[in-house]
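Chains as they are written, first to last, in our numbering: chain A, 133 to 455; chain B, 39 to 320.
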């Protein structure tokens, strides 16, 4: 339970808490102390990594994830255009084989603004809540949200430009996402309008894919340009209230990325690729509080760290299924 | 000219700057989102909303912007608004001159599809719809008023709009451009009015039943047959003039079929948008 609270605190923008060395369990302290004794092993890892950096292998899990993301969005598009009627609507609300689904953040905005909830919306919201609780919460972000995909492409460009010195990565306080979440909740209640929906890049992109492009795509492009030139993955990291909503859902999810301290040699490869590196605070030398740690709620389960880790210290697990 | 020496910031100063920057980011994004209020407060757009739409402010609050209503409409009358509509981005509307709602879905599919009740679920029949009301804005240009007939395609061969002609195909709407007319006196607006067609259909069923041609007519629900007429040509001082009656629901078919350019009849949704409960209580 204290893990869940800590995980939500970090999700809301707090800095990860660290424990004094002397308070760590004996076995963990032992590992931290002797990790670097095996010089030979570490030398090997470095050679492997140098090779990996020279010839980057395909990120298998990332490719799979992109395929799922594209497939889900394509299913929306084809359902409408080929009249398959399997997944009708858009990401904000839809019907899968006739069964109601509603995006949790959009549904929340509508409930607060309209101050009246029809039964279909209750069904849709509950279904989606259970679905994403089972699947990991922010899994929605990296496996379904179309903005996440274009932002990943923008990020690739951003990293190249940063290397050349043509772009920089201005960092913001992660609490800004929590403030924005609250701002949009309050605005929905006070104005009686779903204010956030008018700028939601997720909704705009989903509708553009299904119903055709519009002027609203200019806003999405501006966001991407900002991310490319000024701040890496700024929208997903510092702004998107949808991410926070799903993060809370995923705080107690059985599906997590799983860290094994004994396998970790603190190369830091995982944090380089991570959208939310604060959840990987535990991989820093001497920071792990236990031999095995579940990565926190803000994790989008994109699994890039699993691909990046040279020593298999990061895996994903489904509690109750895998041992 | 002296170069300003680059000041090194202490960690505390850096944290402070990051914090202020983040406040600015939050304020900026909130501000941009609030720009969406401008078109609403300024009442820039007066749209025709789909059948069952609550009055504008409630409608904008309740609509989840998913477009399921768009997907079920057989004549593709419903379009989603763009960012220029501010808070109305992704909200459905109808442009009747291009494609009116002709109720060819039989049973208001868009209402059934709506997951949030922005289109009121209590509505069942076209006669209960409250999208607006037709207005004859340019009577002197009306062919009927001029005593003229109409021959040919109502809106030309390039017009993409569709209508259901029950006598041709009960289930599938066809293009207006595939259905030429030859009328001695133009009465397209009355002839194609879905409410008038509904009344005529019910009357025909009643007549058949009276003659004993059908054994059993299904029990009709309230308002299944429109209780009031919507439009008729009235002889006013010897001139046949289209007159909008109480039963008009604002579907816009008369505006779409009117062969005069610009249309003699247009939809007015101001009363509906300001006060509609989503449906008319008949």
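Backbone N, C-alpha and C define an ideal beta-carbon position, used for all residues, glycine too.
1) Could you say if the stretch 173 to 182 of chain B and the stretch 280 to 288 of chain B meet the contact criterion of at least three C-beta pairs nearer than 8 Å?
2) Closer than 9 Å, Cβ to Cβ, to anything on chain A: give me those residues from the stretch 308 to 319 of chain B, in chain order.
3) Looking only at DSSP bridge pairs, what is residue 387/A linked to?
4) Work out the CA separation of residue 137/B and residue 385/A for me, nearest whole Å.
5) Looking at the C-beta of residue 154/B, does it have a partner C-beta in chain A at a distance below 9 Å?
6) Please confirm whether residue 250/A has its beta-carbon closer than 9 Å to some beta-carbon of chain B.
7) Anyone know if the C-beta pair for residue 302/B and residue 140/B falls short of 9 Å?
8) Just confirm the distance between the C-beta atoms of residue 375/A and residue 368/A, as a whole number of angstroms; I'd bet it's less than 8 Å.
9) At 4 residues or longer, and completely inside the stretch 324 to 372 of chain A: list those alpha helix (DSSP H) runs for me, N to C.
10) Check each candidate in 199/B, 248/B, 320/B, 315/B and name the one with the smallest Cα separation from residue 259/B.
11) Which term fits residue 342/A, buried or exposed, when burial requires 16 or more other beta carbons within 10 angstroms of its beta carbon?
12) By DSSP, does residue 247/A sit in helix, in strand, or in coil?
13) Could you check whether the Cβ of residue 125/B sits closer than 9 Å to any Cβ belonging to chain A?
14) What residues in the stretch 337 to 357 of chain A have a beta carbon less than 7 Å from any beta carbon of chain B?
15) Hey, does residue 228/B have any beta-carbon neighbour from chain A nearer than 9 Å?
16) Given a cut-off of 9 Å on the beta-carbon distance, is the pair residue 169/B and residue 99/B in contact?
17) Just by C-beta distance, which residues in the stretch 169 to 200 of chain B are closer than 8 Å to chain A?
18) Would residue 305/A pass as an interface residue toward chain B - the criterion being a Cβ-Cβ separation below 9 Å?
19) Could you spell out where the alpha helix (DSSP H) holding residue 283/A opens and where it closes?
20) For residue 99/B, decide whether its Cβ has a neighbour in chain A, counting only Cβ atoms nearer than 9 Å.
21) List, in chain order, every chain A residue whose beta-carbon is nearer than 8 Å to that of residue 120/B.
22) Counting only Cβ pairs nearer than 7 Å, list the residues of chain B close to residue 212/A.
23) Please go through the same chain and pick out, in chain order, the residues whose beta-carbon is closer than 6 Å to the beta-carbon of residue 281/A, but skip the five residues on each side of it.
24) Per DSSP, which residues does residue 220/A bridge with? Please list them.
25) Considering only the beta carbon of each residue, do residue 296/B and residue 226/A sit closer than 9 Å?
26) Are the C-beta atoms of residue 322/A and some chain B residue less than 9 Å apart?
27) Below 7 Å on C-beta distance, what does residue 57/B contact in chain A?
28) Does the stretch 424 to 440 of chain A come close enough to the stretch 265 to 273 of chain A that 3 or more CB-CB pairs lie under 8 Å?
29) Using a C-beta to C-beta distance shorter than 8 Å, which residues of chain A count as neighbours of residue 72/B?
30) Report yes if the CB atom of residue 228/B is closer than 9 Å to the CB atom of residue 271/B, and no otherwise.
31) Does residue 113/B get closer than 9 Å to chain A when you measure Cβ to Cβ?
32) What does DSSP give as the partner residue(s) for residue 188/B in the beta ladder?
33) Quick one: which unbroken beta strand (DSSP E) runs of 3-plus residues sit fully inside the stretch 230 to 309 of chain B? Chain order, please.
34) Can you give the Cα-Cα distance for residue 206/A and residue 309/B, rounded to whole angstroms?
35) Can you list the alpha helix (DSSP H) stretches of 4 or more residues lying completely in the stretch 139 to 179 of chain A, in chain order?
36) Determine, using beta-carbon pairs with one atom in the stretch 60 to 80 of chain B and one in the stretch 318 to 334 of chain A, whether at least three such pairs fall under 8 Å.
The structure says:
1) These segments touch.
2) For the stretch 308 to 319 of chain B, there are no residues whose beta carbon sits under 9 Å from a beta carbon of chain A.
3) In the first chain, residue 387/A corresponds to position 255, counting from 1. In DSSP, residue 387/A forms a bridge with 450/A.
4) Here residue 385/A is taken as the residue at index 253 of the first chain, counted from 1. Here residue 137/B is taken as the residue at index 99 of the second chain, counted from 1. For residue 385/A and residue 137/B, the gap between their C-alpha atoms comes out near 47 Å.
5) By one-based count along the second chain, residue 154/B stands at place 116. True, the Cβ-Cβ gap to chain A drops below 9 Å.
6) In the first chain, counting from the first residue as 1, residue 250/A sits at position 118. The beta carbon of residue 250/A falls within 9 Å of a beta carbon belonging to chain B, placing the residue at that interface.
7) Within the second chain, numbered from 1, the residue matching residue 302/B stands at position 264. Within the second chain, numbered from 1, the residue matching residue 140/B stands at position 102. No; because the gap between Cβ atoms is not below 9 Å, this pair is not in contact.
8) Residue mapping note: residue 375/A aligns to position 243 of the first chain, counting from 1. Residue mapping note: residue 368/A aligns to position 236 of the first chain, counting from 1. For residue 375/A against residue 368/A, the beta-carbon gap comes to about 6 Å, under 8 Å, which counts as contact.
9) At a cut-off of 4 residues, the continuous stretches assigned as alpha helix (DSSP H) that sit fully inside the stretch 324 to 372 of chain A are 333 to 343, 349 to 361.
10) For the purposes of this step, residue 259/B is identified with residue 221 of the second chain, where counting begins at 1. Residue 320/B is the option with its Cα nearest to residue 259/B.
11) Here the question's residue 342/A lines up with position 210 in the first chain. Buried: at least 16 other Cβ atoms inside 10 Å.
12) As a working note, residue 247/A is residue 115 in the first chain. Here residue 247/A sits in coil by DSSP.
13) Position 87 of the second chain holds residue 125/B. The Cβ of residue 125/B sits closer than 9 Å to at least one Cβ of chain A.
14) Flagged, chain order: 339, 342, 343, 346, 347, 348, 351.
15) Translated into the one-based positions of the second chain, residue 228/B becomes position 190. With 9 Å as the cut-off, residue 228/B does not count as an interface residue toward chain A.
16) By 1-based counting over the second chain, the position of residue 169/B is 131. By 1-based counting over the second chain, the position of residue 99/B is 61. Residue 99/B sits away from residue 169/B, with the two beta carbons spaced by 9 Å or more.
17) Residues are counted here when their Cβ sits less than 8 Å from a Cβ of chain A; for the stretch 169 to 200 of chain B the count is zero.
18) Mapped onto the first chain, residue 305/A falls at position 173. Yes, its Cβ sits closer than 9 Å to a Cβ of chain B.
19) Locating residue 283/A in the first chain gives position 151, where the first residue counts as 1. Residue 283/A -> alpha helix (DSSP H) spans 278 to 296.
20) Taking the second chain and counting its residues from 1, one reaches residue 99/B at position 61. Residue-level contact check: residue 99/B touches chain A, since one or more beta carbons of chain A fall below 9 Å from its beta carbon.
21) Position 82 of the second chain, counted from the first residue, corresponds to residue 120/B. Ordered by position in chain A, the residues that pass the 8 Å Cβ test against residue 120/B are 346, 347, 348.
22) Taking the first chain and counting its residues from 1, the one referred to as residue 212/A is at position 80. Residues of chain B passing the Cβ test: 109.
23) Walking along the first chain from the start, residue 281/A turns up at place 149. Closer than 6 Å at Cβ, skipping near neighbours: 201.
24) Translated into positions along the first chain, residue 220/A becomes position 88. DSSP lists 227/A as partners of residue 220/A.
25) For the purposes of this step, residue 296/B is taken as residue 258 along the second chain, with counting starting at 1. For the purposes of this step, residue 226/A is taken as residue 94 along the first chain, with counting starting at 1. Taking 9 Å as the Cβ cut-off, residue 296/B and residue 226/A do not qualify as a contacting pair.
26) Along the first chain, one-based indexing puts residue 322/A at 190. With 9 Å as the cut-off, residue 322/A does not count as an interface residue toward chain B.
27) Working through the second chain from its first residue, we reach residue 57/B at position 19. Within chain A, the C-beta atoms nearer than 7 Å to that of residue 57/B come from 305, in chain order.
28) Yes, they touch.
29) If you number the second chain from 1, residue 72/B lands on position 34. Against chain A, a Cβ distance below 8 Å from residue 72/B picks out 319, 327.
30) Working through the second chain from its first residue, we reach residue 228/B at position 190. Working through the second chain from its first residue, we reach residue 271/B at position 233. Result yes, Cβ atoms of residue 228/B and residue 271/B sit closer than 9 Å.
31) Counting from one through the second chain, the residue named residue 113/B turns up at place 75. Residue 113/B does not count as touching chain A.
32) Start at 1 with the first residue of the second chain, and residue 188/B comes out as number 150. Paired residue(s): 221/B.
33) Qualifying beta strand (DSSP E) stretches, in chain order: 269 to 274, 277 to 282, 303 to 306.
34) Sequence index remark: in the first chain, residue 206/A carries index 74 (1-based). Sequence index remark: in the second chain, residue 309/B carries index 271 (1-based). Inter-residue distance for residue 206/A and residue 309/B is about 40 Å (C-alpha atoms, whole angstroms).
35) If we require 4 residues or more, the alpha helix (DSSP H) runs fully inside the stretch 139 to 179 of chain A come out as 158 to 166.
36) Touching, yes.
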